[in-house]
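Position 273 of the sequence shown, counted from 1, bears residue number 406 in this note's numbering, the numbering being contiguous throughout.
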Amino acid sequence: MEETLSYRLHPLTSPRQCAGYPPVIIRDEPENELNFLLEESTSVKYDMILPNICSSPEVQKKPTNQALACSIVTSGSNFKFKSSIATSEELTQQLLTETRKIDTTKSVIIICHGFMSWRNQMLNANLASTLSKKLHVHTLRFDFAGNGHSLGEWKYANYEQDLEDLTTVVNFVKSGLGCKVGCIIGHSQGFSAVLQYATRSDLTIESDLENDCCKYFVNLAGRYSDPDEEDPINKFSIEQREELKRQGYFQIKSLFGDRSFMVTKDRIEARKVYKTSVYLSKLKQTDNGMKFLTLHGSADTVVPVDCAKRFHNEIINHSLRIIEGADHNFNGLKFIDKIAANITNFLFHRLQ
């Protein structure tokens, strides 16, 4: 098929299975969910169904550019495919052409995962399904580069790439799907990408905001980063710091699943450069109509609840809700209804 669109969609044959990640648990399986690798178009043509990028050793051919794994839960859409696995052509026909089946009158909520996580982490996957039903919107969650099923290299403190990935997804929703981005949600480090996107220079002009730009953002246990107050290297063990001095890198392991990653000196330096206050100062410079909601667990031992209070004190149009007893991941399914209810109340009249 000749491709003239801006994006290519490659099916994921095993979207819920990914080597090194824990099993996926979704309380209410969505009726209309599509899973695919999103790639900005190139001159290369791909006709096959890609195997499970993350767990299969038999990857015959990969997209040549950065490709992001996406899961979109749709509302009011009626997709029909010839088999249980949609082909690239079918995905394109149903989502990107003028005869697309997705309801373009409904907004899309984008969900960004946290550090060393992925789009199917229990909080993200269940929130996507629940919000789609409660708000009658589409939700799109994706893996940052090097995480989950997404291609690319995993890097510690990969803030610039995270922003680029989020921007790609936003542009895909607007110019590919033909939908409006109603809200962007970021969990933990994922909110760093959200904050960077919200304070881009081209989004801080009031006239641009009136032109279908996203104005609503949700922070789920995001960190207020200030390397001047605490050196990021101090979060690692003495042994890891000694390895960094001796060989220029050390390994870290995921808290859940069975994955390990390399942290290098240059990535530690990149972590030291990122300052939340730099981006918050941009929000203070203009009354741009953006509104923020922060949800944070009182029992969070990963990111102190004081971070949430600092966001509340420094963002003008901001609401804060502390979830009593919740940990950094909001205890899986335990608080999912409370989180969804708070986000629904924040967005309900704004997305109608």
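Where a beta carbon is used, it is the ideal one built from N, C-alpha and C, also for glycine. Keep in mind that this is a model prediction, so the values were computed, not measured.
Exercise for review: Mind listing, in chain order, the continuous alpha helix (DSSP H) runs of no fewer than 4 residues lying wholly within the region 222-276?
Suggested key: Counting whole runs of 4 or more residues, the region 222-276 contains the alpha helix (DSSP H) stretches 255-268.
Review point. Under three-state DSSP, which class holds G315?
Key: Residue mapping note: residue 315 aligns to position 182 of the sequence shown, counting from 1. The answer is strand: DSSP assigns G315 an E or B state.
Practice item. Name, in chain order, the residues that DSSP records as bridge partners for P144. Key: The residue given as residue 144 occupies position 11 in the sequence shown. In the DSSP secondary-structure assignment, P144 is bridged to F169.
Exercise for review: Please go through the region 433-473 and give each complete beta strand (DSSP E) segment of 3 or more residues, from N-terminal end onward.
Suggested key: Runs of the beta strand (DSSP E) lying entirely within the region 433-473, each at least 3 residues long, are 451-456 in chain order.
Review point. Quick one, which of L310, T225, V438, S393 has its alpha-carbon nearest G281's?
Key: If you number the sequence shown from 1, residue 281 lands on position 148. Shortest Cα-Cα distance from G281 to any of L310, T225, V438, S393 involves S393.
Practice item. Taking F248 as the reference, give the member of F463, H429, K288 with the closest Cα. Key: One-based indexing of the sequence shown puts residue 248 at position 115. It is K288.
Exercise for review: Quick one: give me the first and last residue of the alpha helix (DSSP H) that N304 is part of.
Suggested key: As a working mapping, residue 304 is identified with position 171 in the sequence shown. Counting along the chain, the alpha helix (DSSP H) containing N304 begins and ends at 292-304.
Check your understanding: Under three-state DSSP, which class holds I371?
Key -> On the sequence shown, residue 371 is found 238 positions in, with the first residue counted as 1. Taken through DSSP and simplified to helix, strand or coil, I371 comes out as helix.
Check your understanding: Taking buried to mean at least 16 other C-beta atoms within 10 Å of its own C-beta, is R356 buried or exposed?
Key -> Counted from its first residue, the sequence shown places residue 356 at position 223. The Cβ neighbour count for R356, taken over all protein chains shown within 10 Å, is at least 16; the residue is labelled buried.
**Study point:** Bridge partner(s) assigned by DSSP for M395
**Key:** Taking the sequence shown and counting its residues from 1, one reaches residue 395 at position 262. Paired residue(s): Q384.
Practice item. Give me whichever residues DSSP pairs with F479 in a beta bridge. Key: Indexing the sequence shown from 1 puts residue 479 at position 346. In the DSSP output, where bridge partners are listed per residue, F479 has none listed.
Practice item. Would you decide whether D391 is buried or exposed? Buried here means 16 or more other CB atoms lie within 10 Å of its CB. Key: Counting from one through the sequence shown, the residue named residue 391 turns up at place 258. Exposed: under 16 other Cβ atoms inside 10 Å.
Check your understanding: From G458 to V436, what distance separates their C-alpha atoms?
Key -> As a first step, residue 458 must be located in the sequence shown, where it is residue number 325. As a first step, residue 436 must be located in the sequence shown, where it is residue number 303. G458 and V436 have their C-alpha atoms some 14 Å from each other.
Practice item. Spatial neighbours of Y140 within its chain, please: CB distance less than 8 Å, with the 5 preceding and 5 following residues excluded, ordered by chain position. Key: Stepping through the sequence shown from its first residue, residue 140 is reached at position 7. Only L171, E172, E173, S174, L229, F305, G309 meet the Cβ criterion.
Practice item. Determine the closest residue to L264 out of P163, M395, H429, T332, with distance taken between C-alpha atoms. Key: In the sequence shown, counting from the first residue as 1, residue 264 sits at position 131. Ranking P163, M395, H429, T332 by CA distance to the CA of L264 puts P163 first.
Review point. Does DSSP classify A278 as helix, strand or coil?
Key: The residue labelled residue 278 in the question sits at position 145 within the sequence shown. In the structure shown, A278 sits in coil (DSSP, three-state: anything other than H, G, I, E or B).
Exercise for review: Figure out for me which residue from L416, H271, A258 has the closest Cα to the Cα of Y330.
Suggested key: Here residue 330 corresponds to residue number 197 of the sequence shown, with the count starting at 1. Checking every option, the nearest Cα to that of Y330 belongs to L416.
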